[in-house]
Amino acid sequence: MVWRRGRLILSEESRQETTSERTARGRTHGAFRCLNCFERIVPPEKAESYKCPKCGFEWRVSWPSPTIPRIRGPVWETNRRLTDEIMAKEKGQGK
Amino acid sequence: MVVILGNGVAGNTAASTIRHLDSRIEITLISAETYPEYTACALPHYLAGEFERQRLFLKSEEDYPAEGIKTIFGRTVSGIDPEKKQVLLGDESLSYDKLIMATGSRPLVPPIPGVDLEGVFSLKSPGDADRILEGLGQTAVVVGSGPIGVETAISLKKQGDQVYLIELLERIMPKIFDEEAASLVAAILEEKGIRVLTAEKLVQINGQERVEGIVTDKQQIECDQVIMSVGVRSNVELAREAGIEVGSLGGIVVSRRMETSLEGIFACGDCVQSRDMANGQEMLSPLWHNAKRQGIIAGYNCLGIDKIYPGSESITSLDVYGTQAVSFGSIAAGNEAEDVEVIEKYSGDNYYRLVISKGHLIGAQSIGNAQDMGALLYVLLKRENLDKIKSMIEQRITPLNLRHHRVGRYITPSAIEAAGER
Amino acid sequence: MALNRKIAYIDLSSGKVETKPISMEMRKKYLGGRGLDAYLLYNNTKAGVDPLGPDNVCLVSAGILVGTLASATARTHIAGKSPLTGYFGSTNMGGFFAPEMRWAGFDHLVIRGKAEKPVYLWIHNGEIEIRDAKDIWGKGVRDTQSIIREEMGDREIKVMTIGIAGENLVRYANVMTEIKNSGGRTGMGALLGSKNLKAIAVRGTLDIKIEHPVEALEYNKQIISQITSAKVSQEQGRLGTLFIWGATNSQGLVRTRNFQLNQMEDSDGIEPETFEDSAFGMTGCFGCQVHCRAKYIIPDGDYKGTYDEGPEYTSIGAFAAEPGCTDLTTILTGNHLVNDYGMDTLEIGSMIAWAMELYEKGILTDKDTDGLDLSFGNEKAVIEMIHRIAHREGLGDILAEGPLRAAEKIGKDSIRYQVHVKGMSNLHSDERPTPALALGIATASRGSDHLRSRPAIDLYHLPEAVLRQIYSQPVAYEGPLTSDYTDYEGKSWQVFWQEMCYMAVDCLGICKYHTIFLGPNFPNFEEWSKLLYYNTGLELTPLEIWTIAERTNDLERMFNLREGLARSDDWLVDAYFDEPTKLGIPLIRDRVIDRDKFKQMIDEFYAFHGWDEQGKLKPETLKRLGLDKEPSHLL
Amino acid sequence: MRKMLVTDYEKCTGCRLCELVCSVKHEGVSNPARSRINVTKWETKGIMVPMVCSQCEDAPCMAVCPTNARIRESELGTVTVNYDRCIGCKTCVVACPFGAINFDPIDHKVISCDLCEGDPQCARFCETGAIRYAEASDANKMRQREAAEKLYESLQKLDGAGVS
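Chains as they are written, first to last, in the working numbering: chain A, 1 to 95; chain B, 96 to 517; chain C, 518 to 1152; chain D, 1153 to 1316.
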């Protein structure tokens, strides 16, 4: 952005985007990122828990607003089991 | 045709109300004074030299014809003939369909030797103020410490006079404030150099032609001016002669539609006695806002539109060198019979006093903070039970919910807080 | 204009008060708030000053944009030499105190000396009075404020006060304002307590002129929309900072049972959503539309029915994760108690958890605890310890001394179980899998601190392009940047950038939640440059603001160096390098910080700053930033 | 239909941005003491109530003004002050049941809400919806309904907390 001294940068055409505005363009609604594989996933409305279609980790979901799902916490059994499997596999490969 | 006697706020409000409702009806306004409508409340400011004379007037002479109101100024009404529906102006007479009496009040002049000397004034009209200003003396004595007396004393002090304020009773503004509040105001006055003399009786005014001094039951004071402000008396002579009922308090008796005992004759303003909205008792309330509301009600009813006067409110708000002194409703003193309970509180420079009787707020006084008081006024007028409000607070029911309880329309946070402190 | 506020020098020993204007030269070099505080502290103290002695100064300040139309300009900054760490002490709180102080005519207070008996300051429209505090000494945070308001007869008085902990010189005592706005870290409450200064009450009705009011209004509206439309703000506006819990605990980024585990599996009872049932609305600081404080009533226990605000993410850590408790009531009660006593939630949580581990390991016995069962998960013991620490009773007296002093007193192997940097406890987040966050706490100027340079958005797994957009303004950066938070590549630049960002925002007096901290789309240098111009008329480019941030950060470093800080202090406790994480998702399990890579990160970080290998400022850096003449005589 | 400012204390977070923007809009300065809207707070109870002029139909301030200086502007229905007539007696401040008339300590004059000529800034900046600029009739209905719901809810909550 070029900072213009003393100029009113308010009308739409004369306004230049700032970094944060450019960053904001990628914003999405209705989705959250899987905390294991970081895939952006979209749970059905008002779902209480949702399984990531990519990695199979399952998350309990809360809804701050009707369009914003957030992860409340893991579904413990599923995720623990999956993690143990993955870790065992990695160990097997590594050593 | 409507004839209105009196050019004060009641008469003018009635005239404007009628004109607002009916654009064609003939309105005549008769006044012995020659000024257009003015506000007496601004007189102390004028007297203090805070603004020019012009600002006393709410209307100019041209405003009357513009509104379609005929005026007869400078003429004294000599009588009313209710039979013939005529107003008598000396030899002439004027017919009316409806008559509104807004004859107002005049300052009370006590029968004391020397009251007719030059230099003895009262403060009611711009003319009075002009005369006082002409003779701004070195020393002035203000007799009577009602709000007008106190304001006059402050104004004269601001003009550089040496000022004495004399009060017969043991505290200033005895009808408006209780001891503590009155002493707070008195302390401010004293600090600014006004000598406040309470429990002192004016016996005599000395002088040949002009005032030279006064004598009280305690001392003699040399002075150049005496301002009498011991109260006002309703102008009801005209009404009494016409056979209109005058009440025990000395005001014209009116119905809640502001109609007098004679059909077709209405009365409003300082000359009537009315019902106190807070306790339902008859009262004389020579206050601006009551007169204004009465004028509106009289205007409606004289055109046959039914409108009820809810009653008068006594509100006094006084600026004492930047400190606001507020009182409304009843004071505790003289109310002992009524099982009165008092809550007093100092909070920093502010002082509050709530007067409570049988669980109801009947009066409140404050020195310092003005903004919180409005809420209490409405608690008082609505006659809400304080215990009820308190229990709601305990249950964390807050203003919006109170509204739902029907009580709440006028309850505000400050009222709740005041009640919560019980 | 908004820049005509003054500095007041208050000497409590002699009762002398002096006010001085702030010159434009000082403004352009240090802006205000934390920046100017760093300058004033450096110039008003001598090396090795006793933190609790009369020669230490206490600085209270408002940022340059406080009280103006930049959103959430509510921050009060308090600084002095820290009684906890002995290094730069500084803390930052929200609420309504700072704006009121500006309306009363002051930007900075420099308080020195020690009053003979307890006093408080009364500041009103340019006047400062030292008043007797006998009616409020010994009172809690809330009562103190009510009493002062009552005494003065003004509901609108804003009070900054210390609680009982501050009076008792607990080394991590807070300064507080309103119900829960806390100046938490580095023990500034003890500093006030040591001066016998109970509170500072302000009330002001002086104008702050807005230089371009129409533009300021419109631009503020735009900024507010930008912030409130972000998902993170909406979530924060529902639960407060608690919302972070869901993400961090799910992954295993939480320090539990002191430092033994990194995830809390039995957390259903303390999840933010559970708390939501006890909350009945939100509240916020001055001018802020994010409103991140919940209002709640304690549902159960000894304090049932008490109103309080919060709790924060930190409260979960302090009263649940670290001591292994699982009851919401403990969190809510603990939060209420520390608010009223005026203590640092984070520090007290860590100290209690540490004591619990010592008890588990047998280093502390029933004899030391006066019979109190300090087992992990004992909710009653946690609450009891809060009381004891505030009143300095028994073991509480030792724990009130902070990590290093307490470990020294207890002796044996106790220091091994401490999780601290420079004598200040770490947040309850586990930084072993996240080198960037670990670097942040290791190098922060006020000891272990997650608010000095934490690139929290690193955890969001943002695409590299987005990171580059953010981290290459206003200074170009072409080095590596990576989305993976377990990586070491490019992280030192992120930490460096965030350090500048947070310093700038502290100088301005804006809340960190309104900058790139939790949301990548939030305002930064470019927006601030405009805000400064519209509100104060001060013309600074984003790069100039960056330079100011660099200068003031380095000044804090210089203060620390003068107090004897060495490179070895910018380091973590051994557990970070030696004990792998045990729980969490696969990405996080079995992680430690790599010593060599971490050392290299620190080297890079020093290089970005223009510091030599020992972490000292190079002569050319001093010259470039105009710091070669400090301590100076701009004053 | 006339629009009015509707306030809802349950939504108010007490941030006082309304006070700030009000003083900037009207006076060009930041100074809540000169704001036309005020947020009253009970800190220890967590109650914040925005108070602003309701532009009452039968306005007490107009009734008590001894110089007829409080007048109703026709278009928006706002009650404003004619400063040529105002003598600064503050009787209107005393009479207002909402404490919504303020006294400017700098200019020494009475100030109250003028709805910013139809674009009230307080409502515009209030993201929580605690202050809204809505049509009068709707507003009343809305207010009543919300009040009823809120009361019910909060009573239930209080029962749960064992406070009531």
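Built from N, CA and C at the ideal position, the CB exists for glycine as well.
- Spanning the alpha carbons of B:Thr311 and B:Ala334 requires a straight line of approximately 37 Å.
- In the three-state reduction of the DSSP assignment, B:Met323 falls in the strand class, which pools E and B.
- Taking 8 Å as the upper bound for CB-CB distance, B:Ile289 and B:Val321 are not in contact here, some 15 Å apart.
- C:Gly996 and C:Tyr988 have their C-alpha atoms spaced approximately 10 Å apart.
- In the DSSP secondary-structure assignment, C:Cys575 is bridged to C:Ile628.
- Chain order gives the chain C residues near B:Ser442 as Glu667 and Gly670, where near means a beta carbon separation below 7 Å.
- Neighbours of C:Phe623 across chain D, judged by C-beta separation under 7 Å, do not exist; the nearest C-beta is about 15 Å away.
- Nearest CB-CB separation between A:Thr78 and chain C: not below the 8 Å threshold.
- Proximity to A:Cys37 across A:Arg81, A:Glu45, A:Lys51 and A:Glu77 peaks at A:Lys51, based on C-alpha coordinates.
- Annotation: Cβ neighbours of C:Phe760 in chain A (cutoff 8 Å, chain order): Pro64 and Arg70.
- The alpha carbon of C:Pro828 has as its nearest neighbour, out of C:Met873, C:Phe893 and C:Trp762, the alpha carbon of C:Trp762.
- Under the criterion of beta carbons closer than 8 Å, C:Asn1052 and C:Ala587 qualify as touching, at roughly 6 Å.
- For C:Val983, the enclosing alpha helix (DSSP H) stretches over residues Glu981 to Tyr988.
- Inter-segment contact for the region 672 to 685 of chain C and the region 876 to 886 of chain C is absent: fewer than three beta-carbon pairs are separated by less than 8 Å.
- For D:Glu1162, the chain C residues whose C-beta falls within less than 7 Å of its own C-beta are Gly798, listed in chain order.
- CA-to-CA, the gap between C:Ala923 and C:Asn691 works out to about 19 Å.
- Within the region 1178 to 1192 of chain D, the residues whose Cβ lies closer than 7 Å to any Cβ of chain C are, in chain order, Gly1180, Val1181, Ser1182, Asn1183 and Ala1185.
- If the five residues before and after B:Lys402 are omitted, its C-beta is found closer than 8 Å to the C-beta atoms of Arg352, Ile391, Ile392, Tyr395 and Asn396, all from its own chain and listed in chain order.
- Residue pairing by DSSP places A:Arg70 opposite A:Ser62 in a beta bridge.
- Of the candidates B:Asp176, B:Asp256 and B:His384, B:His384 places its Cα closest to the Cα of D:Arg1222.
- By the C-beta density criterion, B:Phe146 is exposed, having fewer than 16 other C-beta atoms within 10 angstroms.
- Nearest in C-alpha terms to C:Lys748, of all of C:Glu864, C:Leu1035, C:Ser795 and C:Ser711, is C:Leu1035.
- About 5 Å separates the beta carbons of B:Ile457 and B:Ser425, which is inside the 8 Å limit, making them a contact pair.
- At a C-beta separation below 8 Å, D:Met1200 has these neighbours in chain C: Thr800.
- In summary, the residues of the region 405 to 432 of chain B whose CB is separated from some CB of chain D by less than 7 Å are Ile410, Ser412, Asp414, Gln419 and Val421, in the order they occur in the chain.
- Separation of C:Asp844 and C:Ile815 (C-alpha to C-alpha, rounded to the nearest whole angstrom) is 12 Å.
- For B:Ile457, the enclosing beta strand (DSSP E) stretches over residues His455 to Gly463.
- Residue state for C:Tyr1050 is assigned as helix, using DSSP reduced to three classes.
- Cβ neighbours of C:Phe1125 within its own chain (closer than 6 Å, five residues either side excluded): Phe1013.
- Three or more beta-carbon pairs separated by less than 8 Å are not found between the region 891 to 907 of chain C and the region 551 to 563 of chain C, which leaves the two stretches without contact.
- Residues of chain B whose Cβ lies closer than 7 Å to the Cβ of D:Val1246 are, in chain order, Ile410, Ser412, Val421, Ala465, Met468 and Gly469.
- The DSSP assignment places 410 to 415, 418 to 424 and 435 to 442 as complete runs of the beta strand (DSSP E) inside the region 398 to 448 of chain B, in order along the chain (cut-off: 3 residues).
- For B:Tyr473, the chain D residues whose C-beta falls within less than 8 Å of its own C-beta are Pro1249, listed in chain order.
- The Cβ-Cβ distance between C:Ala589 and C:Lys712 does not fall below 8 Å.
- In the displayed model, C:His641 falls within a strand according to three-state DSSP.
- In the structure shown, the three-state DSSP call for C:Thr999 is coil.
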